[in-house]
Every structure is written in C-alpha cells, then in structure tokens.
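Numbering (our numbering), first residue to last: 117 to 378. Glycine included, C-beta positions come from ideal geometry on N, C-alpha and C. All figures in this text were calculated on a predicted structure; none of them were measured in a lab. Quick notes on the structure that follows.
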C-alpha cells in the first residue's frame, strides 16, 4: 500500500450532472473511482448528483437516480455525463445555463462521452481542444466548428476543461484527476482496486489497434495472433498460417488492414 498524503483541508466536492436518458456507466464509473480514492485518503472527495431540476432522473437503461437541483454553491469538479438523451438535453435552456455557469463555481469542468456536446452547446469548448466518443467526434466537429476535436484520444485537458471519450473512458478521466490531486501512487491504488488493467494515458487510442485490423479476410488470423503475442510471429509463419506465400501475404494484409504484418 502506498504512503497516503495528508488529509485535504476539506472534501473536494465532485458534482455529476445528469439529464433524462443519461448513460449510467458515465456517472457510475467516475463516481466509483472517486469513492475508492476516498478510502485511501479519507475525506478526499464528496460526491453529489445534480440535474437541472431536483428529482429522480431516468437513465437510458431505465433505472433512475436521485439528483438535487444544480445550485450556485462552489464545487471542486463538475462532470457532465453523456447518453442517448444528449440531443434532447441540448434543448434544455435551464441545463445549458447551469453548465455555462460551471466555470464560475468549479475549479474544473469535465464531460464524459457525448457530454462534450453539452459543454460545446454552453460555449465552454469554444477555441478549446476536446474529445468525445469516437463515433460522435465528426458530428461534434461539424456542429461546433470553433471546437478542436481529437477523435482518437482517451481524455484531453485544455486548461480547466477536461473531456473524455465514451463509456469506460470516464474512469480514465477520473483516475487522471485523482493523480493530479493526490499523486500517482494513490491513482495506481485506485486503478488496482477497480481491477483496471492500467491507467491509460490521455493520448492513447480509444480502441485497440487489433480491433482496427479485424478485416473479415484476416479476422481468424488476427484472433490466432492475439493468443500468441508473446511469441515469435514472423511474416513467414503468418503467411503459412494464411496458406499464402510470404510476398502475397504481406501485400494482401497491408491492402486489407492498412498496416504491414512485419
């Protein structure tokens, strides 16, 4: 167990902003990371669910979560989640007004997944670099031309604005914040406790290169390669597995997948 840093003078309030149709893991992932960090450093974080209006907020999966109304009290971190309800949430003037005020009352403002659309709609991403779920990146760039969208980043920090890619990338975002607040050792402890393989750096690709390589023609070969990543995988061995000559295999593999097999 790593040596714990001193207790913070007071808990850092982390507000998770919900809206009807939010994705549960976008909220639960970061919440879990901050909650576990508070086990290692007692009182490090205080979690609060908020929404434009107080009450039960339905998730895209159906089960609702209770939320207080977004207020004007100071908070350390304000995280806007994503979900299937993002498009409708972008028409909620009260919600957008509250998000627009967020930098005035929070040390940092963040989004998970399509929550970046709400930050952009509130004007918080103008002139900023951000990321979102890879499937929504082109749409975000098209709707908000003043925003620089990095479609293949896990998370991006631009000043006091943080954005992350989709779904589980919200955990990576929270781990990066925990590292900034409490140090790398505590962030590593949290990652291990969550059984996260590693704290992925923000610049890492959103999905594995092997997923990109799964062109139908070589899908079976790529699956065979995954099981043998620790061994010697020569072009000759791969060509033999594919029942092709090394030269024809190298050319066909590069054409099909966009990378060379060497």
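Inter-residue spacing [alpha-carbon to alpha-carbon] between residue i and residue j
| i | j | result |
| --- | --- | --- |
| residue 155 | residue 132 | 19 Å |
| residue 203 | residue 364 | 48 Å |
| residue 180 | residue 362 | 56 Å |
| residue 237 | residue 206 | 7 Å |
| residue 242 | residue 299 | 30 Å |
| residue 328 | residue 335 | With a pLDDT of only 48 at residue 328, under the threshold of 50, the placement of this residue in the model should not be trusted; the figure read from the coordinates follows. Going from the Cα of residue 328 to the Cα of residue 335 covers about 10 Å. |
| residue 353 | residue 307 | 37 Å |
| residue 339 | residue 345 | 10 Å |
| residue 248 | residue 161 | 25 Å |
| residue 121 | residue 212 | Here the model assigns residue 121 a pLDDT of 48, short of 50, so the residue's position is not dependable and the matter cannot be decided. |
| residue 272 | residue 266 | 8 Å |
| residue 275 | residue 233 | 18 Å |
| residue 369 | residue 357 | 13 Å |
| residue 252 | residue 197 | 14 Å |
| residue 165 | residue 143 | 9 Å |
| residue 117 | residue 286 | Low confidence applies here, because residue 117 scores a pLDDT of 45, under 50, leaving its location unreliable; read the following figure in that light. Rounded to the nearest angstrom, the two C-alpha atoms are 25 Å apart. |
| residue 261 | residue 194 | 24 Å |
| residue 208 | residue 235 | 13 Å |
| residue 296 | residue 288 | 12 Å |
| residue 175 | residue 223 | 27 Å |
| residue 304 | residue 157 | 13 Å |
| residue 177 | residue 149 | 21 Å |
| residue 145 | residue 290 | 8 Å |
| residue 126 | residue 220 | 20 Å |
| residue 217 | residue 302 | 31 Å |
| residue 215 | residue 228 | 14 Å |
Distance between beta carbons of residue j and residue i, contact taken as under 8 Å
| i | j | result |
| --- | --- | --- |
| residue 147 | residue 163 | 6 Å |
| residue 186 | residue 309 | About 30 Å separates the two Cβ atoms, so there is no contact after all. |
| residue 263 | residue 257 | 7 Å |
| residue 171 | residue 183 | 7 Å |
| residue 284 | residue 140 | The pair is not a contact, with the Cβ atoms about 12 Å apart (cut-off 8 Å). |
| residue 210 | residue 168 | 5 Å |
| residue 277 | residue 337 | Actually they are not in contact, since the Cβ atoms of residue 277 and residue 337 sit about 42 Å apart, beyond 8 Å. |
| residue 192 | residue 129 | 5 Å |
Residue i beta carbon near the ligand SAH (any heavy atom closer than 6 Å)
| i | result |
| --- | --- |
| residue 269 | In terms of ligand content, the structure shown is empty, and the ligand SAH therefore cannot be addressed. |
N- and C-terminal bounds of the beta strand (DSSP E) containing residue i
| i | result |
| --- | --- |
| residue 192 | 191-196 |
| residue 219 | Where residue 219 is concerned, there is no enclosing beta strand (DSSP E), although the alpha helix (DSSP H) it sits in stretches over 209-221. |
| residue 163 | 161-167 |
| residue 182 | 180-185 |
| residue 158 | From DSSP, residue 158 is part of no beta strand (DSSP E); its letter is neither H nor E. |
| residue 129 | 128-133 |
Counted within 10 angstroms of its Cβ, other Cβ atoms place residue i as buried (16 or more) or exposed
| i | result |
| --- | --- |
| residue 293 | buried |
| residue 268 | exposed |
| residue 377 | buried |
| residue 201 | buried |
| residue 190 | exposed |
| residue 311 | exposed |
| residue 136 | buried |
| residue 347 | exposed |
| residue 342 | exposed |
Endpoints, the alpha helix (DSSP H) within which residue i is located
| i | result |
| --- | --- |
| residue 310 | Taken as a continuous stretch (DSSP letters only), residue 310 belongs to no alpha helix (DSSP H), as it is neither H nor E. |
| residue 174 | Per DSSP, residue 174 belongs to no alpha helix (DSSP H); it is in the beta strand (DSSP E), 171-174. |
| residue 342 | 335-342 |
| residue 351 | 351-357 |
| residue 202 | 202-205 |
Cutoff 7 Å: residue i Cβ touching any chain B Cβ
| i | result |
| --- | --- |
| residue 377 | No chain B is present in this structure, which holds just one protein chain. |
Worksheet item: Enumerated in chain order, which unbroken segments of the alpha helix (DSSP H) with a length of 4 residues or greater are wholly contained in the segment 224-290?
Response: 231-237, 253-259
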